[in-house]
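Peer 1:
2 protein chains.
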Amino acid sequence: MVVDTLSDEQVDLLFHALADATRRDIVKRAIRGGHSVSDLASGYAMSFAAVQKHVAVLERAGLVTKTQNGRERLVRTDIATINQAAELLDEIEELWRSRVSRMSDLLALDPGETQ
Amino acid sequence: MVVDTLSDEQVDLLFHALADATRRDIVKRAIRGGHSVSDLASGYAMSFAAVQKHVAVLERAGLVTKTQNGRERLVRTDIATINQAAELLDEIEELWRSRVSRMSDLLALDPGETQ
DNA sequence: AGTATCTACAACCATTTGGTTGTACGTTAG
DNA sequence: CTAACGTACAACCAAATGGTTGTAGATACT
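These protein sequence lines are chains A and B, in that order.
Residue numbers for the first sequence, in this note's numbering: 312 to 426.
Residue numbers for the second sequence, in this note's numbering: 312 to 426.
1. Select from 369(A), 380(A), 323(A) the residue whose C-alpha is nearest the C-alpha of residue 390(A).
2. Are the C-beta atoms of residue 339(A) and some chain B residue less than 8 Å apart?
3. State the beta-bridge partners of residue 386(A) as determined by DSSP.
4. For residue 361(A), count neighbouring Cβ atoms within 10 angstroms of its own Cβ and tell me buried if that reaches 16, exposed if not.
5. Rounding to the nearest angstrom, what Cα-Cα distance links residue 364(A) and residue 401(A) in this structure?
6. Quick check on residue 351(A) - is its C-beta less than 8 Å from some C-beta in chain B?
7. Just the chain A side, please: which residues come within less than 7 Å of residue 396(B) by C-beta, in chain order?
8. Measuring only between beta-carbons, confirm whether residue 371(B) sits less than 8 Å from chain A.
9. Output the distance between the C-alpha atoms of residue 320(A) and residue 350(A), rounded to the nearest integer angstrom.
10. Taking 8 Å as the CB-CB limit, is residue 323(B) close to chain A?
11. What is the DSSP secondary structure of residue 317(A), reduced to helix, strand or coil?
12. Out of curiosity, what's the CA-to-CA distance linking residue 398(A) and residue 383(A)?
13. If you measure from the beta carbon of residue 423(B) to each beta carbon in chain A, is any gap under 8 Å?
14. Quick one: is residue 332(B) buried, meaning 16 or more other Cβ sit within 10 Å of its Cβ, or exposed?
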């Protein structure tokens, strides 16, 4: 179930791509696929080229893929990459769970703070 | 179980804070707590001030908190914020699941590709 | 008291980001 | 063929990032 060993640089690209509201919106809109870049661009108050750059950032991060369809490029979200990002956070939570369960930590915590 | 309604700006801060290997490492090291800023700084090949800035970025994102202890500031990871980030990605995955389950999508997918 | 340690913060700098406009090229429609 | 559309990419610009050094204030040690 663990897909990982993304490099630090790849993880940087991943989270950086997600750190922008427009890009997160594009990811959601591209889940169904079938949206061209200009189709996506029409939904935002910025130039086509700006949206094109956002899509490129998402593409570099592996969050979307583009497939040519005539003169358009159809954008589709790669849900597996979203899943990898979620797993990275799960790993941190797992680390938290395992470390907090040590006796020394439990003794230092208030009774209600263990969960 | 849903904790959300983080603003777009807060989500930006969250993912941006996670988009740096040094900061992700600090988050992991600060899970147990008890590390001062200079303690953390000694582990990286950069100045104290640089690490201090990284901690400030994490603090603004709500990923760590600092508590004064004499002349030091002890840094501790706020696991709830990590959880919020994970939930944001889960929401996207949920969106994917719900949309992909529409008939029009199912018809276009290979039998084994629906899960 | 005097010194060393930990932190905060300002100033500075090179690079990256996120936006713009303009140009060029492939593809579709008349 | 010509015109319109969708895309790619370069050049440019202001602002943010990620690093540095230097200065100053609190706290602890002897």
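Every residue, glycine too, gets a C-beta built ideally from N, C-alpha and C.
Peer 2: Once the coordinates are examined:
1. Nearest of 369(A), 380(A), 323(A) to residue 390(A), Cα basis: 369(A).
2. Yes, residue 339(A) lies at the interface with chain B (some Cβ there is under 8 Å from its Cβ).
3. Residue 386(A) is bridged to 346(A), 377(A).
4. A residue is called buried once 16 or more other Cβ atoms fall within 10 Å of its Cβ, and residue 361(A), having fewer, is exposed.
5. Roughly 30 Å separates the two Cα atoms.
6. Residue 351(A) does not count as touching chain B.
7. Chain A residues near residue 396(B): 400.
8. The beta-carbon of residue 371(B) is placed no less than 8 Å from the nearest beta-carbon of chain A.
9. For residue 320(A) and residue 350(A), the distance between alpha carbons rounds to 30 Å.
10. Yes, because at least one Cβ of chain A sits closer than 8 Å to the Cβ of residue 323(B).
11. Coil at residue 317(A), not helix or strand.
12. Their backbone Cα atoms lie some 33 Å apart in a straight line.
13. Because residue 423(B) carries a pLDDT of 47, less than 50, the predicted location of this residue cannot be relied on, and no value is offered for it.
14. With fewer than 16 neighbouring CB atoms inside 10 Å of its own CB, residue 332(B) falls in the exposed class.
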